[in-house]
Structure formats: C-alpha cells, structure tokens
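*Asks:* This is the structure I have questions about; it appears just below.
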Amino acid sequence: MSPSATQHVLIFYGAFFPTAPFLSRRAKRLKRTEIVAKMGIRMTSTVELSVNEIGVPLSNLLGEEGKGFYQVLEFFDEIRVEIATQALGIAQGAFDRALDYARQREQFGKKLVDFQITQHKLADMATKIETARLFVYKAAWNYDQKRIGPKLTPMAKMFAGRTAVEVADETIQILGGYGYITEYEVERFYWDTKITEIYEGTKEIQSNTIASALIGKLK
Ligand SMILES: Cc1cc2nc3c(=O)[nH]c(=O)nc-3n(C[C@H](O)[C@H](O)[C@H](O)COP(=O)(O)OP(=O)(O)OC[C@H]3O[C@@H](n4cnc5c(N)ncnc54)[C@H](O)[C@@H]3O)c2cc1C
Numbered sequence: 018m019s020p021s022a023t024q025h026v027l028i029f030y031g032a033f034f035p036t037a038p039f040l041s042r043r044a045k046r047l048k049r050t051e052i053v054a055k056m057g058i059r060m061t062s063t064v065e066l067s068v069n070e071i072g073v074p075l076s077n078l079l080g081e082e083g084k085g086f087y088q089v090l091e092f093f094d095e096i097r098v099e100i101a102t103q104a105l106g107i108a109q110g111a112f113d114r115a116l117d118y119a120r121q122r123e124q125f126g127k128k129l130v131d132f133q134i135t136q137h138k139l140a141d142m143a144t145k146i147e148t149a150r151l152f153v154y155k156a157a158w159n160y161d162q163k164r165i166g167p168k169l170t171p172m173a174k175m176f177a178g179r180t181a182v183e184v185a186d187e188t189i190q191i192l193g194g195y196g197y198i199t200e201y202e203v204e205r206f207y208w209d210t211k212i213t214e215i216y217e218g219t220k221e222i223q224s225n226t227i228a229s230a231l232i233g234k235l236k
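What follows is the structure in structure tokens.
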C-alpha cells in the first residue's frame with residue numbers, strides 16, 4: 018500500500034485499493050509513527066502509517082471506481098518528474114559549490130581549478146547535469162502535453178538521480194576534508210540525494226519499466 022500524505026487528507030493507492038479513497042489525517046484507527054532517524058531529507062516529515070479496519074464512506078471515492086491503478090500510474094508520471102527535478106537541483110547546487118571551491122583553494126602553488134584532473138571532473142559533472150536537465154525538461158514538457166511517458170519519465174528520474182548521487186560524491190572529493198565536515202553544506206547534498214534513487218520507484222524499478230516499454234510489454 019502506498020500512502021501519499023498531504024496537509025489534510027491521506028490518499029491511498031495500491032494493490033489493496035483498486036479504487037482510490039481518501040481519509041482525514043485525523044481518522045480514528047489510523048496510526049502515524051514519525052520516523053526521525055533518517056540519512057537525509059531531514060527537513061521533511063516521514064511517517065509510517067498503519068490502518069486497522071477503517072471503513073471508508075463511498076463519498077470519499079476519488080475518480081472512478083476500479084480505476085485506482087490507472088490513477089496511480091498517472092500520479093507516478095507526475096511525481097517522478099518532480100523527484101527528477103529535485104535530483105537535478107541538488108546536482109546543480111553541489112556543482113556550483115565545487116566550482117567555487119576549486120577556484121579558491123590553492124594547493125602545491127596552484128588553484129585546484131588549474132589541475133587538469135579537477136577540470137576533467139568539473140567537465141564530466143557539468144555534462145551529466147546538462148544531460149539530466151534536458152531529460153527532466155523533456156519529461157516535464159511531455160507531462161504538460163498530457164502524454165504518459167512509459168519510457169521517458171523513468172529514464173529522466175533514473176538518470177537525474179544517478180547524476181545527483183555521482184555529482185554530490187565528486188563535490189565532496191573536490192572539497193577534500195572540508196567536504197566531509199558540516200561547515201560546508203556539500204555533505205548534506207550527499208545525504209539528501211540518495212533518496213531520489215529510492216522513493217517514488219527505485220532505480221531498479223525505473224529500469225524494469227524502461228525495459229518493459231522497450232520490449233513492448235508496456236504501452
Ligand atoms: C524518507 C522516505 C520517504 C518516503 N516517502 C514515501 C511517500 O511519501 N509515499 C510512499 O508511498 N512511499 C514513500 N517511501 C517509501 C519508498 O517509496 C520505498 O521505500 C521504495 O519504493 C522502495 O520500496 P521498499 O523500501 O519496500 O524496498 P523493496 O521493494 O524491498 O526493495 C529493496 C531492493 O530490491 C529491489 N527490488 C524490489 N523489487 C524489485 C524488482 N521487481 N526487480 C528488481 N529489483 C527489485 C529494489 O529496487 C531495492 O533495491 C518513503 C521512503 C523513505 C525512506
């Protein structure tokens with residue numbers, strides 16, 4: 018079951034709910050347990066929800082009865098673009114700090130940015146980010162045109178997530194010891210970005226979806 022939390026109501030999609038009902042956050046017998054110990058994205062609240070024999074009135078039905086599965090597919094098409102955007106933003110933020118630092122830091126009588134290996138790292142990071150940006154914008158445009166993207170959206174999410182993880186990692190490397198301590202915020206990017214390869218469909222699930230679309234199992 019996949020609960021999606023909003024300010025006031027919870028919408029339930031998934032195998033147990035071929036139809037998508039919503040519940041008030043204050044519904045009795047709905048148990049919320051706040052998960053505080055997390056690797057990253059600590060500015061957001063994550064809760065474990067358990068529902069125990071809750072009756073849902075028919076008036077709480079969202080959309081058409083029996084169409085919950087198709088609604089969830091549409092929801093994924095939107096939310097996956099949003100997570101890809103989150104990954105892209107983190108990657109860009111990390112890169113900007115890596116470039117700034119490399120311009121300032123001097124070692125062995127040279128700025129870091131003057132070492133060819135640093136230049137190549139920066140070039141590689143910027144290329145991945147630009148590719149991710151094109152992907153994400155295309156997937157967002159596709160969604161705005163109301164086209165479901167069985168391949169494009171998972172590709173955008175998978176690629177942007179991978180890019181962000183790699184760029185955040187390389188950024189810490191460029192900052193050296195300062196990258197590892199909290200005085201510079203780049204270590205936070207590293208913790209925050211990993212979730213983009215996990216939630217709203219892991220990278221493996223995106224890969225499965227892309228492959229299914231390629232071999233014609235998904236249209
Ligand atoms: C901070 C945080 C916030 C979250 N927020 C939400 C939320 O708002 N709404 C929500 O619904 N969920 C949320 N989740 C849950 C999240 O979406 C799931 O953790 C994620 O989808 C992975 O599911 P799982 O943890 O059950 O892993 P599993 O499904 O157990 O997967 C474990 C590993 O096995 C792989 N795997 C599983 N099945 C397959 C397969 N068929 N083929 C190949 N590999 C496979 C996975 O890719 C993964 O690497 C959140 C999780 C976290 C940590």
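For the sequence shown, this note's numbering begins at 18 and goes up steadily by one.
Every residue, glycine too, gets a C-beta built ideally from N, C-alpha and C.
(1) Between Ile134 and Gly194, what straight-line distance do the alpha-carbon atoms span, to the nearest angstrom?
(2) Whole angstroms is fine: what's the gap from Ala157's alpha carbon to Val98's?
(3) Can you check which of these residues, Gln162, Ala119, Asn77, Lys174, is closest to Lys138 by C-alpha distance?
(4) Excluding the 5 residues flanking Gly110 on each side, which residues of the same chain have their C-beta closer than 8 Å to its C-beta?
(5) Could you tell me which residues DSSP pairs with Ser67 in its beta bridges?
(6) Restricting to Cα atoms, I'd like to know which of Gln103, Leu129, Val130, Thr219 is closest to Ala181.
(7) According to the Cβ coordinates, are Lys48 and Ser67 closer than 8 Å?
(8) Indicate, with yes or no, if ligand 1 has a heavy atom lying under 7 Å from the CB of Tyr216.
(9) Beta-carbon within less than 6 Å of Ala101's beta-carbon, same chain only, minus the 5 sequence neighbours each way: which residues are those?
(10) Less than 8 Å between the beta carbons of Glu95 and Tyr160, yes or no?
(11) Taking its Cβ as the centre, do 16 or more other Cβ atoms sit within 10 Å of Phe33, making it buried, or is it exposed?
(12) Exposed or buried, Val89, counting other C-beta atoms within 10 Å across all chains shown (16 or more means buried)?
(13) Could you check what DSSP says for Glu217 in three-state terms: helix, strand or coil?
*Replies:* Taking the definition as stated:
(1) 18 Å
(2) 6 Å
(3) Ala119
(4) Phe206
(5) Lys48
(6) Gln103
(7) yes
(8) Remark: the C-beta of Tyr216 is in contact range of ligand 1, defined as less than 7 Å to any heavy atom.
(9) Excluding the 5 residues flanking it on each side, Ala101 has same chain C-beta neighbours closer than 6 Å at Val153, Ala173, Lys174, Ala177, in chain order.
(10) yes
(11) Only weak support is given to the placement of Phe33: the predicted model assigns it a pLDDT of 46, under 50, and the value that follows is read from those uncertain coordinates. So Phe33 ends up on the exposed side.
(12) buried
(13) Coil at Glu217, not helix or strand.
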